[in-house]
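Read in order, the letters of the sequence shown correspond to residues 492 to 1105 in our numbering.
All C-beta atoms in this analysis are idealised placements derived from N, C-alpha and C, irrespective of residue type, glycine included.
Working notes, structure below.
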Amino acid sequence: MKEKDYQLLVHTFDEPVCLVDEEMRVIEANSKFLSFFETSMNELAGKSLFASLLGKRGKIKDDEFRILIKNLRKGKVIKYMRKGQERKILLFPLTPRASVNKFGYIMLLTEPRKEDTETGFGLHDYVEIISHVYGYIYLLSKDGQILKEVLPPPDVDDKYRIAGKRPQEFLDKKEAAMILEKIKTTVEKRVTTHYEIEWRSTEGKNFYKVKFVPFRKDNVLAYVHDITEQKKVEREKDEFRKMYYQAQKLESIGRLTAYIAHDFNNILQVVRSNAELLKELKPPVDWNEARVCIEEILKSVDSASTMIKALLTFSGKHPHSPEVVNLNKEIKNLLPMLRKVTGERIKVRFSSHKNLWKVLIDPSHLENILMNLVVNAIDAMGEEGEIKICLKNVNIEDIGVKDITLFHPGDYVLLTVADTGIGMDEDTITHIFEPFFTTKGKGKGTGLGLSTVYGLVKQNKGYIKVFSEKGKGTTFEIYFPRYSGKVDKKIVVKKRYSLFKPDEINILLVEDEEMALKAIASLLEKKGFKVFSANSPLLAVEIAEKHRIDLLITDVVMPEMNGVQLSRKLKEKNPSLKVIFMSGYPADIVEKDGKLKSIENYLRKPFTFDQLLS
């Protein structure tokens, strides 16, 4: 509480009360106190309490005065007689070290009297009340009735006049029910409870933080603190933070677009240049020269495909086949491969917590994550160093993770990968997970390694944090949620099928992109297959009605109807029809549009002819 709050507090007591500083100089006194000593605030303000009221009457000498204050500060009760009235003097310290404030104690003068068991307050009651001072104070019964406004708000209006009422009379049902539950817990378990109230009125929304403290046998003291302004400030901060993050996101997208354009233009240039070289070849064609051009084109296609896969991984749209695994066993199996990558001069050390919890993760994703982190560590260390890989069980609340609000509460398996490399500054850390961001020299890195790690961690419901300092190495912490469900060997199982021989089957190829349709059809025909081509699902239905079709190869996302709907329609008349789906869209769009969850015989574009025939 602030000084003005304590000044208001002294005026709420039925007993003589004053507020004094560390040196016993008077700051504020209520009317009962002034009346008891027959004085005024003008006379008392800023003056020594005992020197003014007691010392000047010659009743207390200097040494007695010091002993009196010493005993009061120790919490002893001092008896004092005035005009035949016996009073007990008691000091309540307001802060652990009051000397750093303008005020230090509340002094209470109380008389021995019989307590009213419902709303009266005795000496010990005041001790308890003041020890919890927190905004406005109300005395409540165990069933929630407000028995007394101990410390109502200053300049109180009617909405705060709630003495005699119950929560359900001035709060909505949900809030009232929660308040009554808190009161019940406080009374029955004799513990302090807390709750945050949202109070709607014609003036708008107000927010209050309430602390319920057990009082006497069956009562509760409710300390209410208005946090409306605090909430407003927090809301404004949140809005600013959102705007800031949005600006950062737009900046990152702009940078990402520029990088993609740069790399794809280079790839397209290679394809175009080699295609033009092939076009210029005159018969008789030098096959070796043509082969070089073709291989360069295929390499460029592979580079573009790899880049797209990495970007899809970053966005969490990578193919996903999770299994319930023990990371200890998985990483032990990967260690030989990782040590081959690092070489002899970089040591890889591994440690793991006993009885490690299971997690749900795609094992291929784990391999990808570790490989990228290890390669990143090698680049940071140079010729020699050490990489530590550690596993342990953690609970987010127990270990006190920073930014804990970003985590779902609960148990996790923590995977730590630490290196002894050159480290990073804060500016670099803020960008390391962005696609195409790299600190390596030109031509030495794609800038997709750590963005791939980030995407895979997120896709497996995990969290990743990085700690680094220049010259002190880098540590990545990855938190995978503990799996507490039923342990199946595999969550998703994908099957592979072989095709018939070319001369045994007729293929219906459905693709709404004309260039792709012609290219795939030409490849199939070159291998001896009989191919019927359709650039729309409706045309495909017409062809299937006129010809025997053994295999349907269809795009998934198309106008008129999607590939799954087409396959179902054709299977109505031909139940033995085999189907291969293909798409260039990310998995989530394919699943949403095609209503596919665990798709079988699915090819992601661009695919090789060998993949199509496998």
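Scanning 1044, 1003, 944, 1030 for the CA closest to the CA of residue 1020 turns up 1044. Within the same chain, and ignoring the five residues on either side of residue 995 in sequence, the residues whose Cβ sits closer than 8 Å to its Cβ are 1041.
Counted as a single uninterrupted DSSP element, the alpha helix (DSSP H) harbouring residue 1059 occupies residues 1054-1064.
In terms of CA proximity to residue 1017, 993 leads the group 782, 993, 1004. Annotation for residue 710: the continuous beta strand (DSSP E) segment containing it runs 710-717. Boundaries of the alpha helix (DSSP H) harbouring residue 1014: 1005-1017, taken from the DSSP string. Looking at the DSSP output, residue 973 bridges to 850. Assignment of residue 924 by DSSP, reduced to helix, strand and coil, places it in the coil class. With a 10 Å radius around the Cβ and a threshold of 16 neighbouring Cβ atoms, residue 950 comes out buried. In the structure shown, the three-state DSSP call for residue 1040 is coil. In this structure, DSSP gives residue 828 a helical state, which the three-state scheme calls helix. One thing to note: residue 718 has its Cβ no nearer than 7 Å to the Cβ of residue 702. Distances from the alpha-carbon of residue 539 to those of 560, 689, 522 put 560 closest. Under the three-state reduction of DSSP, residue 652 is assigned to coil, being neither helix nor strand. Exposed is the label assigned to residue 1006, since fewer than 16 other Cβ atoms lie within 10 Å of its Cβ.
The criterion of a C-beta distance shorter than 7 Å is not satisfied by residue 627 and residue 501. Straight through space, the alpha carbons of residue 1069 and residue 1003 are spaced by roughly 20 Å. Contact between residue 1074 and residue 1047 holds: CB atoms are separated by about 4 Å, below the 8 Å threshold. Minimum Cα-Cα distance from residue 1093 among the listed residues 1104, 726, 1071, 861 corresponds to 1071. Within the model, the alpha-carbon separation for residue 849 versus residue 879 is close to 21 Å.
For residue 876, the uninterrupted beta strand (DSSP E) segment begins and ends at 876-886. Residue environment analysis places residue 728 among the exposed positions, since fewer than 16 neighbouring C-beta atoms fall within 10 angstroms of its C-beta. In the three-state reduction of the DSSP assignment, residue 775 falls in the coil class. Minimum Cα-Cα distance from residue 667 among the listed residues 862, 658, 696, 1059 corresponds to 658. Burial state of residue 900 is exposed, judged by a 10 Å Cβ sphere holding fewer than 16 other Cβ atoms. Boundaries of the beta strand (DSSP E) harbouring residue 695: 695-706, taken from the DSSP string. The shortest C-alpha to C-alpha distance from residue 868 to any of 905, 1102, 910 is the one to 910. Here residue 519 is not near residue 525, since their CB atoms are 7 Å or more apart.
With fewer than 16 neighbouring CB atoms inside 10 Å of its own CB, residue 537 falls in the exposed class.
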